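J.: Would you mind keeping the following structure in view while I ask a few things?
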Amino acid sequence: MTVRVSRTFEFDAPPADVWAFISDAEQRAGAISVVDSFEVHDDRNATWHVALPIPMIRSTIDVETEEVERDPPNRVKFVGKSRAFRVTGEHEITETDDGGCRLANEFVVDGRLPGVESFFKRNFDAELDNLEDALRASLASPA
Numbered sequence: 004m005t006v007r008v009s010r011t012f013e014f015d016a017p018p019a020d021v022w023a024f025i026s027d028a029e030q031r032a033g034a035i036s037v038v039d040s041f042e043v044h045d046d047r048n049a050t051w052h053v054a055l056p057i058p059m060i061r062s063t064i065d066v067e068t069e070e071v072e073r074d075p076p077n078r079v080k081f082v083g084k085s086r087a088f089r090v091t092g093e094h095e096i097t098e099t100d101d102g103g104c105r106l107a108n109e110f111v112v113d114g115r116l117p118g119v120e121s122f123f124k125r126n127f128d129a130e131l132d133n134l135e136d137a138l139r140a141s142l143a144s145p146a
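Under my numbering, residues 4 to 146 are what the sequence shown spells out, in order.
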C-alpha cells in the first residue's frame, strides 16, 4: 500500500523567502517530528535518522535522501530510501497576485515493513502541520 498526501499552504511572503526554507535540507528535516537527527552531506544529499514508533522497528532507521530535482526558486523534489520505506517529497512554490505565494506539498511513502504505511497514514497531517509551523516561524523571525 502506498500513502500519498498533498497539502497547499498560503503565505504573505515573497517566494524567495519560502524557497530559502523549503530548499534547505536541514530545515526540512528539522521540521519533521520523527526525524531524530540528520547529517547533511552536500547540497543534494543527507541522511535522516528516523524513529518510527512501530513494533517492527526497535532503533532509528537511516534514510538516505537525495534531491533529484531542483528548479530555484520554484520547485524541489527529494527521494529518501531506507530498509523500511521509500519516501518522495515534492514542494512547488507559485507566486500569488497579492505578492505572496502558495506552497504545494506532496509526499508519497511506500512501506517495506508492516506498520510503516499505517503510521504515515495516521500521522501525515500532523507532520505537515509541523512543516507549516516551522516555515511560518522562519518567515516571522528576523533575518
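Built from N, CA and C at the ideal position, the CB exists for glycine as well. Source: prediction; values computed, not measured.
Does the count of Cβ pairs from the region 44-62 and the region 110-122 closer than 8 angstroms reach three?
T.: yes
J.: In three-state terms, what does DSSP make of residue 25?
T.: Indexing the sequence shown from 1 puts residue 25 at position 22. Residue state, collapsed to three classes: helix.
J.: What first and last residue would you give for the alpha helix (DSSP H) that runs through residue 116?
T.: The residue labelled residue 116 in the question sits at position 113 within the sequence shown. Taken as a continuous stretch (DSSP letters only), residue 116 belongs to no alpha helix (DSSP H), as it is neither H nor E.
J.: Taking only the alpha-carbon atoms, compute the straight-line gap between residue 141 and residue 83 and give it to the nearest angstrom.
T.: Here the question's residue 141 lines up with position 138 in the sequence shown. Here the question's residue 83 lines up with position 80 in the sequence shown. Spanning the two alpha carbons is a distance of roughly 24 angstroms.
J.: Are residue 78 and residue 72 close, meaning C-beta to C-beta below 8 angstroms?
T.: The sequence position of residue 78 within the sequence shown is 75, counting from 1. The sequence position of residue 72 within the sequence shown is 69, counting from 1. A contact, by the Cβ cut-off of 8 angstroms.
J.: Across which residues does DSSP place residue 83 in a beta bridge pair?
T.: Here residue 83 refers to the residue found at position 80 when the sequence shown is read from its first residue. Looking at the DSSP assignment, residue 83 forms a beta bridge with 68, 90.
J.: Identify the continuous beta strand (DSSP E) that holds residue 49 and give its terminal residues.
T.: On the sequence shown, position 46 is the one that residue 49 refers to. Secondary structure note for residue 49: its beta strand (DSSP E) is the uninterrupted segment 48-53.
J.: Where do the ends of the beta strand (DSSP E) carrying residue 43 lie?
T.: By one-based count along the sequence shown, residue 43 stands at place 40. It spans 38-43 - the beta strand (DSSP E) in which residue 43 sits, taken as one unbroken run.
J.: Taking the alpha-carbon positions, what's the residue 123 to residue 89 distance?
T.: Taking the sequence shown and counting its residues from 1, one reaches residue 123 at position 120. Taking the sequence shown and counting its residues from 1, one reaches residue 89 at position 86. Approximately 12 angstroms between the Cα atoms of the pair.
J.: Using only CA atoms, which one of 127, 42, 143 lies nearest to residue 36?
T.: Numbered from its first residue, the sequence shown carries residue 36 at position 33. Among 127, 42, 143, the Cα nearest to that of residue 36 belongs to 127.
J.: In this structure, what does DSSP give as the bridge partners for residue 9?
T.: As a position in the sequence shown, residue 9 is number 6, starting the count at 1. 109.
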